[in-house]
Amino acid sequence: MASTTRLRRGAITALAAIIAVTAALVVLVGPKPAYAAQLTQISDFGDNPGNLGMYLYVPDNVTANPAIVVGNHWCGGSGPDFYNGSQFDEQADQHGFIVIYPSVTRASKCFDVASQASLSGTGGDSVSIKSMVDHVLANYGADPNRIFAAGVSSGAMMTNVLLGVYPEVFKAGAAFAGVPFTCFATGNDSEWNSECSEGRIDRTPQQWGDAVRNANPGYTGPWPRMQLWHGVNDDVLRYPNFQEQIDQWTNVNGTDQVADYTDVPQANWTRTRYGGTGGQALVEAISMGDQGHNIPHPITETLRFFGLTTSAQPGDSVAIVGAASNRCVDVPNSSTNGSQAQLWDCSQRSGQLFARTSAGELKVGGKCLDASGWGSTNGTKAVIWDCSGGANQRWTVNSNGTITNAHNGLCLDANGAGTANGTQIILWTCNGGDNQRWSLR
Numbered sequence: 020m021a022s023t024t025r026l027r028r029g030a031i032t033a034l035a036a037i038i039a040v041t042a043a044l045v046v047l048v049g050p051k052p053a054y055a056a057q058l059t060q061i062s063d064f065g066d067n068p069g070n071l072g073m074y075l076y077v078p079d080n081v082t083a084n085p086a087i088v089v090g091n092h093w094c095g096g097s098g099p100d101f102y103n104g105s106q107f108d109e110q111a112d113q114h115g116f117i118v119i120y121p122s123v124t125r126a127s128k129c130f131d132v133a134s135q136a137s138l139s140g141t142g143g144d145s146v147s148i149k150s151m152v153d154h155v156l157a158n159y160g161a162d163p164n165r166i167f168a169a170g171v172s173s174g175a176m177m178t179n180v181l182l183g184v185y186p187e188v189f190k191a192g193a194a195f196a197g198v199p200f201t202c203f204a205t206g207n208d209s210e211w212n213s214e215c216s217e218g219r220i221d222r223t224p225q226q227w228g229d230a231v232r233n234a235n236p237g238y239t240g241p242w243p244r245m246q247l248w249h250g251v252n253d254d255v256l257r258y259p260n261f262q263e264q265i266d267q268w269t270n271v272n273g274t275d276q277v278a279d280y281t282d283v284p285q286a287n288w289t290r291t292r293y294g295g296t297g298g299q300a301l302v303e304a305i306s307m308g309d310q311g312h313n314i315p316h317p318i319t320e321t322l323r324f325f326g327l328t329t330s331a332q333p334g335d336s337v338a339i340v341g342a343a344s345n346r347c348v349d350v351p352n353s354s355t356n357g358s359q360a361q362l363w364d365c366s367q368r369s370g371q372l373f374a375r376t377s378a379g380e381l382k383v384g385g386k387c388l389d390a391s392g393w394g395s396t397n398g399t400k401a402v403i404w405d406c407s408g409g410a411n412q413r414w415t416v417n418s419n420g421t422i423t424n425a426h427n428g429l430c431l432d433a434n435g436a437g438t439a440n441g442t443q444i445i446l447w448t449c450n451g452g453d454n455q456r457w458s459l460r
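Printed below as a string of structure tokens:
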């Protein structure tokens, strides 16, 4: 991609504006506390057509098979700036995941979200970041089923690109003040698209969804979930881009644009969820009525959406969705003791909505998910029964996606690694298989 010296005069002005605004993000937090783990630059990580720098944070207490979070900086920033200006590393110290901080070395310090190469995964920054992920997978034993991306401004746009180009890699993303995948495409050597930044590109959900599908011909796997944040008063990447992103990622995920859940997490903010009502819905969108472009980025809320914390609120009604099957845990007769759970196409029906209680119960139809007969052997059925407070009815939702029973320590399991409708849900020794990984939506 050509250097920014070849940008049109108007693009240079716009680019300077976004750099000036987003540069302030680096001072959102104070100095980092002293930890033994340090940010490390990796000089040789593989194919790097975007000539990006790679910075890596591996906490001292990194878990076995850790998750990966890619943190993408703003225009004018860098990987170290994002490390200093966010709390991903501090959360990594608590939860044991690894953070990759890509760093643009071009003069603009903006990610390439406009070139055909980057938007198709044939070159540019998207390929460079994918190489960073591959490096961590190969050298740190990271979990390929728990790779996520998040970013601010230019980094939010890059997050949309990464999920759009590599749906088989990234399981979810969080975009703080971004635009849809392909919105910034220019067809020339410019890094800036004023029509998109000003919110003047209005496409149907189908058109936006097709942009992602067309970038991935033949892909039949699950599509990434997306969390979106945007300030109503954003004057850099204007607010209409918020709805366009909602349109894109709801369509990609096969759900409509009618919110299944709405609340007000704080004054002047409205949160909507699509394709689910729980904390890991297919799409979660937070409209910030009192904010411009320089918005807060509550990292703990993003990690909750990714499933890297266990902070889902008691009382939330959630669907339990299998990582291997993309189907829901379903109780066909949720009013009858002894009914065994199974996999079934997700439909938001009552037998698929589980309420988490503060005691660790998973309640459906007024009854509790139960290790049948206080069983403690492989193959014990997961059934529902009148709630009794017993340990066989208490469950721990773990950061690696497993759900374990307090009585026997076994994992909730799709029998025989099945993925079809009707596959029975049982308990089995935890083995890390995708049939034992679940997300709450």
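Positions in the sequence shown are counted from 1; adding 19 to them yields this note's numbering.
We put the CB at the ideal spot given by N, CA and C, even for glycine.
The model shown is predicted, which means the values in this text are computed figures rather than measured ones.
Three or more Cβ pairs closer than 8 Å define a contact, and the stretch 84–95 meets that threshold against the stretch 127–137. The beta carbon of R290 is closer than 6 Å to those of D282, P284 and I305 in its chain, skipping five residues each way along the sequence. As the crow flies, the alpha-carbon of I117 is around 10 Å from that of N80. By the Cβ-count criterion, G298 is buried, with 16 or more other Cβ atoms from all chains shown falling within 10 Å of its own Cβ. Going by beta carbons, I148 and V89 fall inside the 8 Å limit. Excluding sequence positions up to five before and after M307, its CB lies within less than 6 Å of the CB of G250, W288 and I314, all in the same chain and listed in chain order. Burial check for A83: the Cβ neighbour count within 10 Å stays below 16, so the residue is exposed.
Sequence-distant partners of W457 (beyond 5 residues in either direction) whose C-beta falls short of 7 Å from its own C-beta, in its chain, are I339, V340, G341, A342, G420, I422 and L431. Straight-line spacing of the CA atoms in M176 and G437 works out to 37 Å. Closest by C-alpha distance to E109, out of Y76, R125, S139 and S122, is Y76.
R292 and E303 have their C-alpha atoms some 5 Å from each other.
N212 and F203 do touch by the CB rule: their CB atoms are close to 5 Å apart, below 8 Å. Rounded to the nearest whole angstrom, the C-alpha separation of A401 and L459 is 17 Å.
In the three-state reduction of the DSSP assignment, Q310 falls in the coil class. In this structure, DSSP gives S458 an extended state, which the three-state scheme calls strand. Under the three-state reduction of DSSP, F203 is assigned to coil, being neither helix nor strand.
Distances from the CA of S353 to each of G379, L322, D389 and I318 were compared; the closest alpha carbon is that of D389. Within the model, the alpha-carbon separation for Q412 versus D266 is close to 39 Å.
Contact between N252 and G311 is confirmed by a C-beta separation of about 4 Å, below the 8 Å threshold. If you check the CB distance, A161 and T178 do not come in under 8 Å. Between L381 and T442, the C-beta spacing is not below 8 Å. Around the Cβ of D144, a 10 Å sphere holds 16 or more other Cβ atoms; the residue is buried. By the CB criterion at 8 Å, L138 and V184 fall inside the cutoff. If only complete runs of 4 or more residues are kept, the stretch 81–150 shows the alpha helix (DSSP H) at 98–104, 107–114 and 135–139, in order along the chain. Judged by beta-carbon spacing, R368 lies beyond the 8 Å limit of V337, meaning their Cβ atoms are not closer than that value. For D432, the enclosing beta strand (DSSP E) begins and ends at C430 to A433. The three-state reading of DSSP puts V383 in strand, counting E and B together. DSSP links A168 through a beta bridge to V89 and G192.
With a threshold of 16 other beta carbon atoms within 10 Å, P163 falls short and is exposed.
Judged by their CB atoms, V198 and H316 are not nearer to each other than the 8 Å cut-off. Around the Cβ of R219, a 10 Å sphere holds fewer than 16 other Cβ atoms; the residue is exposed. In the DSSP annotation of this structure, the continuous segment of the beta strand (DSSP E) that includes A374 starts and ends at F373 to R375.
The distance from the Cβ of W248 to that of F195 is about 5 Å, consistent with a contact at the 8 Å cut-off.
Scanning D112, T355 and R257 for the CA closest to the CA of E214 turns up R257. D100 counts as buried, since at least 16 other C-beta atoms from the protein chains shown sit within 10 angstroms of its C-beta. Residue state for Q285 is assigned as coil, using DSSP reduced to three classes.
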